[in-house]
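Going by the working numbering, the first residue of the sequence shown is number 199, and it counts up by one from there.
Built from N, CA and C at the ideal position, the CB exists for glycine as well.
Presented below is the structure to which this report refers.
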Amino acid sequence: MQLPDMNLLVALDALLDEGSVVGAARRMNLSPAAMSRTLTRVREAMGDPILVRAGRGLVPTPKALELRGQVRDVVDQAALLFRSADGVDLGSLRRRFNIRANDFFVGVYGGRLFDTLDRQAPHCELRFVPEGDGDDEALREGRIDLNVSNTRPLTPEVKVQNLFSTHFVGLVREDHPLFDAEITPERYAGFSHISMSRRGIARGPIDAALNALGLERRVAVIAPSFHAAMFALPDSDLILPVPKEALLSVQRLGLKLRSFTLPIPLPTLMLTQAWHPRFDKDPAHRWLRETLKTCCEETWQAANQA
Numbered sequence: 199m200q201l202p203d204m205n206l207l208v209a210l211d212a213l214l215d216e217g218s219v220v221g222a223a224r225r226m227n228l229s230p231a232a233m234s235r236t237l238t239r240v241r242e243a244m245g246d247p248i249l250v251r252a253g254r255g256l257v258p259t260p261k262a263l264e265l266r267g268q269v270r271d272v273v274d275q276a277a278l279l280f281r282s283a284d285g286v287d288l289g290s291l292r293r294r295f296n297i298r299a300n301d302f303f304v305g306v307y308g309g310r311l312f313d314t315l316d317r318q319a320p321h322c323e324l325r326f327v328p329e330g331d332g333d334d335e336a337l338r339e340g341r342i343d344l345n346v347s348n349t350r351p352l353t354p355e356v357k358v359q360n361l362f363s364t365h366f367v368g369l370v371r372e373d374h375p376l377f378d379a380e381i382t383p384e385r386y387a388g389f390s391h392i393s394m395s396r397r398g399i400a401r402g403p404i405d406a407a408l409n410a411l412g413l414e415r416r417v418a419v420i421a422p423s424f425h426a427a428m429f430a431l432p433d434s435d436l437i438l439p440v441p442k443e444a445l446l447s448v449q450r451l452g453l454k455l456r457s458f459t460l461p462i463p464l465p466t467l468m469l470t471q472a473w474h475p476r477f478d479k480d481p482a483h484r485w486l487r488e489t490l491k492t493c494c495e496e497t498w499q500a501a502n503q504a
């Protein structure tokens, strides 16, 4: 069914409210002639004269009086719809937000993000999805709302925003023999290491930096997550590289671990959040992105002031 021009409803509302072509024209910023032509179109669409001459004025027909309330409701609802395009009632919003991120991000930033969600959008649910291999269609297909990572998505249409940059520090048990002397690249490479890789990869930028100095380390353990690796440190002489912000989790949990500056140059990492353009103008999704970025900025400042 082909619908008539919906602007005719707005015009009809103005005509019924003003009871005058001139008044309705003034209200809609039209000329009286243009408003008169619009009234003709309204009459054709409604199959009724709507307003008829009575002396020097116009009076509504019975059908127009019958429709007045319905027309006003439809126009008000349409206006509300467009006004709400830039806002969202977080207090009544019911929605599950799916965020793909590794356990480092969840452990450091998840609590602060949930606290904000609980206060501002108490009926929403936060679901963290583990990182996967080669699943670049998740954003496109709407299975996740945000992808938080230090790698850029492969799909070209995806929107990307920088969250913060970070660098790695070393982490060991409190009384590790590494602290018995100056931490040089040679002594650093002389201890066994633990590598974090969900794909089971042992080598990375640290090995490239050591190789450039003619050194090689022994990766004795490969853990699937940062926190699994961290919990293995108190009972061993293993060395684990972690993003600096992970030290907030160490402090908060009271783990008997100690950090140190890595004696080799490593590039900084830029963490980003990525989303599909279909959500770019969605007010609830925009609130989620802004909230997540604020949480990251506040946590980053706390980590760098510690």
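- Fewer than three pairs of CB atoms, one per stretch, sit closer than 8 Å, so the segment 457-470 makes no contact with the segment 425-432.
- DSSP lists 417 and 437 as the bridge partner or partners of residue 391.
- Shown here for residue 476: same chain residues with a beta carbon closer than 8 Å to its own, the five before and five after excluded, namely 340 in chain order.
- One thing to note: residue 207 has its Cβ within 8 Å of the Cβ of residue 272.
- Here residue 468 carries a strand assignment [DSSP, helix/strand/coil].
- Under DSSP, residue 382 forms no beta bridge with any residue.
- For residue 297, the enclosing beta strand (DSSP E) starts and ends at 294-298.
- Membership of residue 305 in any beta strand (DSSP E) is not indicated; the residue belongs instead to the alpha helix (DSSP H) covering 301-318.
- With 16 or more neighbouring CB atoms inside 10 Å of its own CB, residue 369 falls in the buried class.
- Comparing C-alpha distances from residue 244 to each of 223, 209, 215 and 216 shows the shortest one belongs to 209.
- The DSSP-derived three-state label of residue 205 is helix.
- For residue 405, the closest C-alpha among the options 335, 463, 255 and 254 is that of 463.
- Residue 218 and residue 256 have their C-alpha atoms spaced approximately 6 Å apart.
- Taking the Cα of residue 411 as reference, the smallest distance to any Cα among 301, 401, 269 and 387 is reached at 387.
- A residue is called buried when at least 16 other Cβ atoms come within 10 angstroms of its Cβ; residue 229 does not meet this threshold and is exposed.
- Rounded to whole angstroms, the separation of the alpha carbons of residue 413 and residue 380 is 17 Å.
- Short of 6 Å from the beta carbon of residue 226, and not among the five residues preceding or following it, lie these beta carbons of its own chain, in chain order: 212.
- If you ignore the 5 residues before and after residue 300, its C-beta comes within less than 6 Å of the C-beta of 329, all in its own chain and listed in chain order.
- According to the DSSP assignment, residue 221 belongs to the alpha helix (DSSP H) that extends over 219-225.
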